[in-house]
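Per the working numbering, the very first residue in the sequence shown carries number 7; after that it's consecutive.
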Amino acid sequence: MKKTLIAAAAVLAATATAQADDKVFDGGYVGGELGYTDAGDGVNGAYFGAFGGYRKQNDSGLVYGIEGTFGKTSADLTAGGIKFDDVYDREWTVMGTLGTVVGESKRTLLYVGAGFVQQKASISYGGYSESATGESYVVSAGFERALGENMSLRLRASTYEFEIASVALGLGFRF
C-alpha cells in the first residue's frame, strides 16, 4: 500500500509539473526591447523601450491578456534646411493581446494586439521650442519563443494609424 501511494504521488507530481511547463506564456511578465521606427517623411530612427503585462494561457494553447509599453524613438527631422534632433520624446501603449501556442514543444507563441497609443513629439531650434501630443490606435503582431521556464525572446511589429511603423526585438521575463 505504501509503495502504491508513493507511486501515485510521483505520477501526480510529474503530471502537475508537466502541466505547469506547458503554460510558459501564463502569468505576469516584463522586459526590454530595441528596434526601429519609420514615421514617414524621412523621420525614422532607433527605438528602445520596456514592456509588461499579464496573460492567461488555457489548456488548448489560446493565450490572451493585456500589455503596456513605454519607449522612445531617437528620430531626426530635417525641414526647411534645419535639422531637428530627437523629435519623439516618448510613447506609450496599452493593448489587448490574443495569440496561440504553436509547435510540438508548445514554446512558440504567435499573437496579435490592438489598443491605444500616445506619442509626444517636440522640436527645438535656437530659442524656439514646440511640442505636441497625439493619440491613436495601435495594431501589432508578434512572434515569441520561450527560452526557458521564465525567459523569452520576441519580435514585434506595430503600426499606428497604419502610418507609423515600428519593429522591435525584446527579451522578456515571466514571474
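Glycine included, each C-beta is placed from N, C-alpha and C at the ideal position.
Computed from a predicted structure; not experimentally measured.
Three-state class that DSSP yields for residue i in the structure shown
{"i": "Asp95", "result": "strand"}
{"i": "Asp44", "result": "strand"}
{"i": "Asp32", "result": "coil"}
{"i": "Gly77", "result": "strand"}
{"i": "Leu177", "result": "strand"}
{"i": "Thr21", "result": "The pLDDT assigned to Thr21 is 42, lower than 50, so where the model puts this residue is not dependable; a value taken from the coordinates is nonetheless given after this. In this structure, Thr21 counts as helix in the three-state DSSP scheme."}
{"i": "Leu161", "result": "strand"}
{"i": "Gly87", "result": "coil"}
Counted within 10 angstroms of its Cβ, other Cβ atoms place residue i as buried (16 or more) or exposed
{"i": "Leu115", "result": "buried"}
{"i": "Val107", "result": "buried"}
{"i": "Tyr134", "result": "exposed"}
{"i": "Ser137", "result": "exposed"}
{"i": "Phe54", "result": "exposed"}
{"i": "Ile170", "result": "buried"}
Length of the line joining the Cα atoms of residue i and residue j
{"i": "Ala52", "j": "Leu40", "result": "7 Å"}
{"i": "Gly71", "j": "Gly176", "result": "18 Å"}
{"i": "Ser128", "j": "Gly67", "result": "43 Å"}
{"i": "Gln124", "j": "Gly140", "result": "6 Å"}
{"i": "Lys112", "j": "Lys62", "result": "15 Å"}
{"i": "Glu110", "j": "Phe168", "result": "34 Å"}
{"i": "Ala56", "j": "Gly87", "result": "34 Å"}
{"i": "Asp65", "j": "Ala85", "result": "54 Å"}
Integer Cβ distance of residue i from residue j, believed to fall under 8 Å
{"i": "Ser203", "j": "Ala163", "result": "Because the chain here runs from 7 to 181, residue 203 falls outside it and cannot be looked at."}
{"i": "Phe181", "j": "Gly33", "result": "7 Å"}
Completely contained beta strand (DSSP E) runs for the region 101-131, where each covers 3 or more residues: Within the region 101-131, the complete beta strand (DSSP E) runs of at least 3 residues fall at 114-131.
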